[in-house]
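A short write-up of the structure that comes next.
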Amino acid sequence: YDALLCAKTDKVRAMFGAVVAPEVLQALQTFASAPTHYRLRARFAVREDPAGDLGYCMWDRGGPGPTLSHFPVASREINALMPRLATALEGLPEMRHGLQAVHFLGTLAGDMLVTLIYDRPLNDLWTTEAK
86 YDALLCAKTD KVRAMFGAVV APEVLQALQT FASAPTHYRL RARFAVREDP
136 AGDLGYCMWD RGGPGPTLSH FPVASREINA LMPRLATALE GLPEMRHGLQ
186 AVHFLGTLAG DMLVTLIYDR PLNDLWTTEA K
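Numbers in the working numbering are just positions in the sequence shown, counted from 1, shifted up by 85.
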């Protein structure tokens with residue numbers, strides 16, 4: 086991580102070097118992110134395993150990658166919600182049907198927006214289960 090951060094810092098300094106006074110560049114400071122739990126948004130494809138359990142996976146070169154039970158770069162709140170959502174959906178066949186992806190968007194205040202992405206139109210049965 087440290088090497089990547091230094092490389093990015095050097096690249097930004099080089100990009101702005103032609104348009105920013107040298108004393109301004111010298112005064113710039115870089116602040117490293119925490120090595121884990123720093124992202125407040127995460128997008129996952131949803132996969133159902135042969136046993137019928139839901140899992141999350143990232144896209145890798147146009148296709149789903151390995152199934153994840155947690156995602157260390159995402160906030161602690163997202164990591165806590167991932168298994169709770171999967172468990173909640175276990176007994177809701179209409180809400181699971183056609184579920185393709187889940188997007189988590191958190192805030193620094195701890196609020197969370199979760200978007201369920203489907204490959205089909207939603208109907209009254211879905212609405213009943215969702216309530």
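Where a beta carbon is used, it is the ideal one built from N, C-alpha and C, also for glycine.
Counting only runs of 4+ residues, the alpha helix (DSSP H) found wholly inside the stretch 126-178 occupies 161-175, in chain order. Within its own chain, the residues whose Cβ lies closer than 7 Å to the Cβ of ALA117, once the five positions on either side in sequence are excluded, are LEU90, listed in chain order. Here the alpha carbon of ALA165 sits roughly 14 Å from the alpha carbon of THR121. In the three-state scheme derived from DSSP, where H, G and I count as helix and E and B as strand, GLN111 is classed as helix. Annotated as distal: LEU210 and GLU175, with beta-carbon spacing of 7 Å or more.
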